[in-house]
Structures are given as C-alpha cells and as structure tokens.
Amino acid sequence: MVLLSACSTQYVPPPTASSTSIINNDQTIQGVLDNGLKYVIHQQKNTKKVQFNLVAFTGGAYEEPNQKGAAHFLEHLAFRKTKQFSDRAIIQFIEQQGGEFGNEINASTSAYYTDYRFELEDNKQVPMAISILGQWSQNIVINQEIRPVILGEWRRRVGIENSWWQQTQTWFYQQWLNLTRREGYINRDALGNPAQITHLSADILSKFYKKWYRPDNMAIVIIGNIEPKELENQLVTVFSKWQNPTQPLVPKQFDSVDQGITTSYGWDLNSSGIYLGFKQHGNSNLSEIVLHKLYFYLLELRLLAAINHSHNTNILDTYIVKNSVENQTSTTTLMLSLNNTKQQPAFDLLQQVLASMRNNSFSLQELNLSKNIVAQQLYSAAQLQVDNGDLSNEIITIINQKMAWHSPIQYNSIY
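Numbering (my numbering) for the sequence shown: 529 to 943.
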C-alpha cells in the first residue's frame with residue numbers, strides 16, 4: 529500500500545529555520561516557529577506510547593451566521609481525505625498500528641478550539657505521524673460526501689436513546705453560561721442543526737478553513753516515548769515553510785467573563801445546584817496558578833466541614849471544575865449538587881463559609897491538607913499515573929491562554 533511506504537524511519541537534517549524556545553530541557557521543549565506555529569514536546573519515560581495533538585484555535589464561537597457547523601464539519605473531513613492520503617487512509621494507518629477509531633484516534637470541536645489527536649503504540653512511525661499533522665493543518669480535501677454522517681450524528685444526539693445525556697449536558701452547559709455571563713453563546717452548538725449543516729457549501733467550508741487554519745493560530749502537542757530535540761527538528765523541517773495568509777490574523781473578541789454565584793434547577797425538576805465561579809487571567813504566573821488551586825481546595829474543605837457540622841442533608845456532593853473560557857481567561861467553578869430544589873439553606877451555608885474565609889482566614893492544618901491534595905495530584909502526574917491524553921488536554925488549555933506550560937516537577941518546586 530502506498531500509504532505505508534512513507535512510514536520508514538529516515539534521517540532528519542537539522543532545522544534550517546529558526547524557532548523561539550520558551551522552555552528547553554531534556555524532558556520538555558516548548559517553542560514557536562517563525563511563522564507563529566506553537567508546539568510542546570514532552571517526554572514520558574515510563575510509557576512506550578506517543579500521543580499527537582494538532583489544535584486549531586477556532587470553533588463554534590468563531591463561525592459567522594452562515595458558517596454554523598463549519599468547524600465540526602471540517603473535523604470530520606480531516607479523517608476522510610487529504611491531498612496526500614486517500615479515502616480513510618489515515619484511519620486505516622492508525623488501525624494497522626493497533627489503534628481504534630474513537631479511542632486512539634479522534635477529534636473534538638468546542639466553542640474555542642478544535643483538537644485532532646491520535647496515539648501510537650510506539651515511536652517507530654513518528655515521521656508518518658508528523659506527516660498526518662501536516663496534512664490536517666494544510667491539505668484537508670473539502671467535499672460534501674461526509675454530510676450524511678454529520679446529520680446522522682445530530683439525529684443520534686437528539687434521539688430517544690440519548691435523551692438523558694442530552695438533557696443533562698444541556699442543563700450543565702446552561703449553568704456554566706449563566707455563571708460566566710455568556711448567554712450570547714447558548715445556541716452556539718458546534719454541531720449545528722440539520723438546516724445549518726445542509727446549508728454548508730464547499731466554498732463556505734473552504735473559506736473557514738483558510739481563515740483559521742494558519743500557523744499563527746495553531747499548535748502541536750506531542751507526549752510520550754520520544755526524544756524532544758530530535759522531534760523538534762522534524763517539526764521545523766515539516767512546518768517551517770508553511771506561510772500565513774497575507775491578511776493578518778485578527779483575534780476574535782469575546783465578552784468579558786465575570787465572577788459570581790448562580791443557582792439553577794435540575795433538568796429533572798427534582799434536583800438543583802449552586803455554582804460559584806472565579807475568573808483567572810491567562811497572564812498569571814506559576815505561583816498564582818498554584819495559589820488559585822489551593823484556595824479552591826481550602827474553600828471546598830471548609831465547606832465540607834460546615835456541611836458535616838450543620839447536618840445539611842440536601843447537599844449531595846461538591847465538585848471543582850476548571851474551564852478555558854477564551855484566550856485570556858479561564859474560570860474555576862465550585863459546584864454544589866443538591867438532591868432537591870430547596871436551595872436557600874445551601875446558599876446560606878455557602879455564604880457563611882465565604883465570610884469565614886474572608887474574615888478569619890484559614891488554619892495551618894487546613895493549608896497543609898490542601899497542599900497535600902495538590903502535591904499528590906502533581907506527584908501522580910509526574911509518575912505517569914495520568915495518561916498522555918490528560919496531559920495533552922492540560923497543555924492545550926495553557927497554550928490557548930498564551931502561557932508557558934510547566935511540567936508536574938516544576939509545579940512541585942513551588943513547595
């Protein structure tokens with residue numbers, strides 16, 4: 529098969545184009561090519577696998593009114609055909625390496641970025657993997673053949689067999705939008721609806737692709753059993769000649785994100801929730817990030833103690849969730865899940881806990897316990913107790929906020 533003839537390992541010459549290093553050590557390289565393409569290469573010594581991510585910082589929120597569904601449509605086209613790879617050849621290649629479509633190879637489209645990813649069982653086919661990333665970034669073949677598949681996905685999502693999932697996801701998404709004051713994007717489902725999907729022409733898709741799929745609006749994340757410097761040379765060789773359009777990239781402007789408290793009723797009308805959110809700007813340094821994390825664990829610990837002391841039985845659980853909202857901002861949300869619609873007692877308890885932290889600070893015992901929780905998370909990451917996919921998702925969020933990614937070992941140095 530012609531596809532496999534390109535898979536053999538070959539000598540990669542030193543890069544002829546320059547790049548700027550943000551982080552450069554034996555385990556991690558983070559840099560930017562002259563054309564603006566960002567990349568993070570992180571070595572994981574305790575695994576044979578290698579995960580590859582190509583990220584386009586565009587999604588449903590970037591679509592014009594006549595482009596709704598375009599970002600997700602392109603995601604599907606990428607797996608169908610590119611200029612180098614014939615119909616489904618990329619999927620066949622991953623499957624020949626022991627992967628499965630939907631697991632080792634997949635993609636996702638959100639409001640703010642589109643993430644293409646696949647995982648190889650070892651590092652023997654790295655040149656081929658880099659070639660796939662290059663094809664996705666520049667050479668997706670635009671056609672209409674995939675439309676029935678996307679319409680089928682829409683039908684499955686709203687079908688009876690998935691009604692519980694649909695209602696639950698819609699409800700939680702609604703609460704997050706309310707909390708971050710982003711009501712204008714409530715209907716910006718990246719999938720689109722049948723009318724919007726049917727409306728998308730090859731010309732509309734091509735214009736969206738050319739506008740947002742450009743080196744200064746994309747990133748590559750590679751994690752696993754690789755040599756970072758050698759892989760950086762390969763990236764430079766493949767991607768350094770890729771040029772941006774003559775028209776400068778104009779960043780998409782989004783509404784500001786506020787911190788606040790919101791309450792809501794559960795989708796089944798027998799439960800409800802309270803959401804407390806704080807925003808964190810993307811220019812925070814490493815110490816601020818760790819302090820922000822510590823504060824939320826301190827808050828959760830204080831709240832759990834108050835729940836036990838008050839014998840409040842309608843609070844089922846508490847959750848801490850961090851979301852990337854836009855390029856410069858993220859939100860951390862403390863969610864209280866209630867087993868009924870009597871929100872006032874839980875709301876009053878939350879207000880009391882916030883007041884106690886504001887007026888009385890916290891004890892050394894609470895601080896040490898929170899530090900131990902955070903440190904254990906970082907230690908687990910450093911020992912590869914989280915998989916490559918979890919790490920790549922974290923790195924993508926950091927890059928999207930224009931920050932330097934720090935490995936778990938660097939986070940531990942804060943202590």
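For every residue, glycine included, the Cβ atom is placed at its ideal position computed from N, Cα and C.
At a Cβ threshold of 8 Å, is residue i touching chain D?
i    : result
L895 : Included in the structure is just one protein chain, with no chain D present.
Can you tell me whether residue i is helix, strand or coil according to DSSP?
i    : result
F580 : strand
E647 : strand
T861 : strand
K757 : helix
N900 : helix
K870 : coil
D731 : helix
W692 : Because W692 carries a pLDDT of 45, less than 50, the predicted location of this residue cannot be relied on, and no value is offered for it.
H600 : helix
D845 : strand
Y567 : strand
N634 : strand
Q558 : strand
How many Å lie between residue i and residue j at the Cα?
i    : j    : result
Q571 : N887 : 45 Å
V764 : W770 : 10 Å
S638 : N553 : 32 Å
W692 : S800 : Note that W692 scores a pLDDT of 45, beneath 50, so its modelled location is shaky; the value from the coordinates is reported in the next line. C-alpha separation (whole angstroms): 16 Å.
G720 : R608 : 20 Å
H604 : L878 : 44 Å
G627 : Y803 : 39 Å
T642 : A833 : 40 Å
L565 : P873 : 51 Å
A883 : Q653 : 56 Å
E828 : T846 : 7 Å
S734 : S768 : 23 Å
N896 : Q904 : 12 Å
Q595 : Q579 : 31 Å
L602 : V677 : 12 Å
Excluding sequence positions up to five away, which residues of its chain have a Cβ less than 7 Å from the Cβ of residue i?
i    : result
N690 : Any answer about N690 is weak, because its pLDDT of 49 lies below 50 and its placement is not dependable; what the coordinates show is given next. The residues are R684.
I633 : I619, I622, G627 and F646
L844 : S865, L866 and N867
G587 : A599, T637, S638, A639, Y640, Y641, T642 and A718
Y825 : S898, I901 and V902
I660 : I618
D615 : R608 and K609
G597 : L719, G720, Q724, I725 and L728
What are the residues that DSSP puts in a beta bridge with residue i?
i    : result
N746 : Reading off the sequence, residue 746 comes out as Met, not Asn. A584.
Q666 : According to DSSP, which records beta bridges pairwise, Q666 is partnered with nothing at all.
F969 : Here the chain comprises residues numbered 529 to 943, so residue 969 is not present and cannot be evaluated.
By Cβ distance, which residues of its chain are closer than 8 Å to residue i, with the 5 residues on each side in sequence left out?
i    : result
P722 : L679 and W682
T726 : R675 and L679
If you drop the 5 nearest sequence neighbours on each side, which residues of the same chain put their C-beta closer than 6 Å to that of residue i?
i    : result
I658 : Q762 and V766
V568 : Q558, V749, I923 and W933
I688 : Only weak support is given to the placement of I688: the predicted model assigns it a pLDDT of 43, under 50, and the value that follows is read from those uncertain coordinates. Same-chain partners within the cutoff: there are none.
P593 : none
Return yes when the C-beta of residue i is under 7 Å from any heavy atom of the ligand PLP, and no when it is not.
i    : result
N634 : Ligands are entirely absent from the displayed structure, and the ligand PLP is therefore not among its contents.
Take every Cβ of the stretch 837 to 846, pair it with every Cβ of the stretch 772 to 781, and state whether three or more of those distances are shorter than 8 Å. Contact between the stretch 837 to 846 and the stretch 772 to 781 is absent, because fewer than three Cβ pairs lie under 8 Å.
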